[in-house]
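Chains as they are written, first to last, in full-length UniProt numbering: chain L, 1 to 198; chain B, 1 to 198. Backbone N, C-alpha and C fix where the C-beta goes; we use that ideal spot for every residue, glycine too. I have placed the structure first, in the form of structure tokens, so that the comments after it can refer back to it.
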């Protein structure tokens with residue numbers, strides 16, 4: 001006498017999406033079935049296809065449809081510099097600057113002990129193997145400047161520094177165009193500590 | 001050189017979900033591919049199946065896997081009372097009270113001129129045909145007490161009243177267990193207007 005099982009299953013399955021609880025899942029299911037069946041069909045198909053064809057690039061670990069992604073296979077990129085980021089979105093931000101023509105390594109996460117993500121879960125051994133290929137000379141850490149991102153950067157720096165690699169970190173400071181009045185005190189303090197001589 | 005097309009397609013397809021913008025869609029896609037491939041496969045399957053098997057009950061218009069849902073097909077329910085609700089979730093709330101053993105009609109929405117949902121989009125003619133089957137004696141309007149729900153109730157009441165049906169509406173008033181001090185003035189005013197003699 002309750003709702004049909006295929007509807008219940010859809011509502012339940014939608015809860016695997018991050019940030020989606022029982023109420024939003026119900027709202028989403030009704031919306032898809034009532035107002036956007038084409039969108040739902042497209043989503044089911046796109047999801048199935050992504051699961052089928054996407055894997056991790058053997059070199060940079062980002063999502064790729066080929067064993068080695070196009071960026072890593074590009075001989076015009078400088079293989080001596082390896083930039084480590086947390087997620088593909090971060091890689092896209094750095095690419096967008098057009099200020100870096102080296103290669104990347106995408107961690108696909110960050111160290112987060114509270115969520116049970118340690119060095120093993122983050123597969124840092126894959127990064128170490130990649131960075132010690134004999135070609136990479138400098139590893140640039142571009143993880144986020146959050147507590148977890150900083151902790152990740154420190155751990156990676158120790159692991160790679162112990163193997164004789166030059167390890168650097170994106171600088172912290174006042175944003176370009178930023179007015180001191182509107183920048184938080186922690187950032188200004190950091191900009192003072194890391195001040196550069198003219 | 002950018003992200004693989006199947007990933008872009010998945011991110012784009014996720015945006016058909018209500019309340020999901022480009023950033024959440026990206027976060028969802030990464031989460032599914034990186035942390036919950038089983039959940040994603042289950043979701044793709046549940047969505048495909050729901051689209052395949054779910055239709056609207058010919059009588060009450062709710063989602064059903066059969067032409068007529070189990071509730072409408074149940075001869076023990078009182079077919080003389082028809083309760084009109086906006087969504088299946090509202091039906092579930094009323095069923096949960098165990099205070100109603102009539103049948104339902106689910107509008108699958110509400111009148112909302114701003115969203116382009118008028119009487120035609122809401123298929124009110126299907127409700128009229130259902131309510132004038134010669135068996136229904138009373139239609140109980142249980143749309144929400146929002147502006148849109150009230151407008152929907154008024155429109156339906158006019159349409160069905162003109163056809164000689166008894167039309168009623170859920171009462172408004174102070175919630176059971178509610179303390180006047182914590183009930184909004186509009187509700188208290190309504191409870192005064194709709195006061196009942198002992």
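The Cβ atoms of residue 25(L) and residue 15(L) lie closer than 7 Å to each other. In chain order, 44 make up the part of chain L whose C-beta sits under 7 Å from the C-beta of residue 48(B). When Cβ pairs closer than 8 Å are counted between the two stretches, the region 77 to 93 of chain B is seen not to touch the region 71 to 91 of chain L, the count staying below three.
Rounded to the nearest whole angstrom, the C-alpha separation of residue 30(B) and residue 63(L) is 9 Å.
The criterion of a C-beta distance shorter than 7 Å is satisfied by residue 152(L) and residue 110(L).
Collapsing the DSSP output to three states places residue 54(L) in coil. For the 7 Å CB-CB criterion, residue 141(L) and residue 122(L) do not form a contact. For residue 5(B), the uninterrupted alpha helix (DSSP H) run begins and ends at 5 to 14, by DSSP. For residue 188(L), no beta strand (DSSP E) segment is defined; the enclosing uninterrupted segment is the alpha helix (DSSP H) at 185 to 193. Secondary structure at residue 78(L): strand, using DSSP grouped into helix, strand and coil.
When 181(B), 104(B) and 196(B) are compared, the shortest CA-CA separation from residue 60(B) is found for 104(B). Residue pairing from DSSP places residue 102(L) in a beta bridge opposite 78(L). Nearest C-alpha to residue 96(B) among 3(L), 192(L), 193(L) and 195(L): 3(L).
Relative to residue 51(L), the option among 67(B), 49(B), 33(B) and 50(B) whose CA is nearest is 33(B). The C-alpha of residue 195(B) is placed about 44 Å away from the C-alpha of residue 20(B).
DSSP lists 112(L) as the bridge partner or partners of residue 117(L).
With fewer than 16 other CB atoms across the displayed protein chains lying within 10 angstroms of its CB, residue 186(L) is exposed.
In this structure, residue 28(L) keeps its C-beta atom at 7 Å or more from the C-beta atom of residue 165(B). Taken in chain order, the unbroken stretches of beta strand (DSSP E) that lie wholly in the region 127 to 159 of chain L and span 3 residues or more are 138 to 141. A check of alpha carbon separations from residue 37(B) across 48(L), 37(L), 98(L) and 8(L) identifies 48(L) as the nearest. Taken through DSSP and simplified to helix, strand or coil, residue 42(B) comes out as helix.
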